[in-house]
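Residue numbers (this note's numbering): -18 to 212. The structure under discussion appears below in the form of structure tokens.
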Ligand SMILES: *Cc1c(COP(=O)(O)O)cnc(C)c1O
């Protein structure tokens, strides 16, 4: 029987292999367990296997789990679509938001992040395959807004996030991830030294190996840790 614990061991082996193939150290890549639709009991199993960073897509669902698990000191990442009337909840309860897709969302998160908390870590979501079904900045838009977002108070612009189209072959999967890495380098050439981006949030169950080969620093894995979600 695959258990969450066994699944995490095999994902960690995959992560180590891909990092070693890329000449990178596995410590450079954070395994973010995507726990949308999973229970607090399942999250506790992952925690027992050493995972402390969790990604959630739906705010109400996430807030319940954050509350139930508050004694565990977990690191919560918001990775789902964020409406502007919900930014306050994200600003008050998460340590990261990966899905910033408009300047206005970043401004609201900055205004609403309590100044008693550490700065909120942000990634710009990039619609790297230019799909009408996906949200995110185009590369050109991201280049235009990055410096303004990086200068906002109470937040720290850390990097870029993308969800490419699904592709089966490793070499094909690498293409959009390479484009994201190059966009990060381009944005960094516009930013002051103290504001350089250090994060690429890319790679999921089906393509994390390709993402690590292209420089991912956070992989977001749900299915291969918790088993397939009910549809
Ligand atoms: C659901 C989700 C994931 C995890 O996908 P799996 O294929 O289950 O690993 C990663 N990132 C985002 C933004 C998601 O919504």
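The beta-carbon is built from N, C-alpha and C at its ideal position, and this holds for glycine as well. All values derive from a computational prediction rather than experimental measurement.
Check residue i in the structure and name its three-state DSSP category.
{"i": "residue 126", "result": "helix"}
{"i": "residue 102", "result": "strand"}
{"i": "residue 46", "result": "helix"}
{"i": "residue 289", "result": "With the chain covering -18 to 212 only, the question about residue 289 has no answer from this structure."}
{"i": "residue 90", "result": "helix"}
{"i": "residue 214", "result": "A question about residue 214 goes unanswered here, because the residues of the chain that appear run from -18 up to 212."}
{"i": "residue 199", "result": "strand"}
{"i": "residue 175", "result": "helix"}
Would you check whether ligand 1 has a heavy atom nearer than 8 Å to the C-beta of residue i?
{"i": "residue 10", "result": "no"}
{"i": "residue 80", "result": "yes"}
{"i": "residue 15", "result": "yes"}
{"i": "residue 60", "result": "yes"}
{"i": "residue 144", "result": "yes"}
{"i": "residue 204", "result": "yes"}
{"i": "residue 98", "result": "no"}
{"i": "residue 117", "result": "no"}
{"i": "residue 34", "result": "no"}
Here's a check: name, in chain order, each residue in its chain whose Cβ is nearer than 6 Å to the Cβ of residue i, leaving out the five neighbours to either side.
{"i": "residue 130", "result": "87, 138"}
{"i": "residue 164", "result": "120"}
{"i": "residue 14", "result": "27, 32, 35, 206"}
{"i": "residue 195", "result": "155, 158, 159, 162"}
Among residues of its own chain, excluding the 5 on either side of residue i, which ones have a beta-carbon nearer than 7 Å to its beta-carbon?
{"i": "residue 47", "result": "57, 74"}
{"i": "residue 67", "result": "40"}
{"i": "residue 157", "result": "109, 110, 143, 145"}
{"i": "residue 19", "result": "207"}
State the beta-bridge partners of residue i as determined by DSSP.
{"i": "residue 142", "result": "106, 182"}
{"i": "residue 136", "result": "101"}
On the premise that residue j lies in contact with residue i, defined as a C-beta separation below 8 Å, what is that separation, rounded to the nearest angstrom?
{"i": "residue 90", "j": "residue 105", "result": "About 12 Å separates the two Cβ atoms, so there is no contact after all."}
{"i": "residue 193", "j": "residue -1", "result": "4 Å"}
{"i": "residue 187", "j": "residue 147", "result": "6 Å"}
I'd like the list of long-range same chain contacts for residue i, defined as Cβ closer than 8 Å, with 5 residues on each side in sequence excluded.
{"i": "residue 169", "result": "177, 178"}
{"i": "residue 9", "result": "0, 198"}
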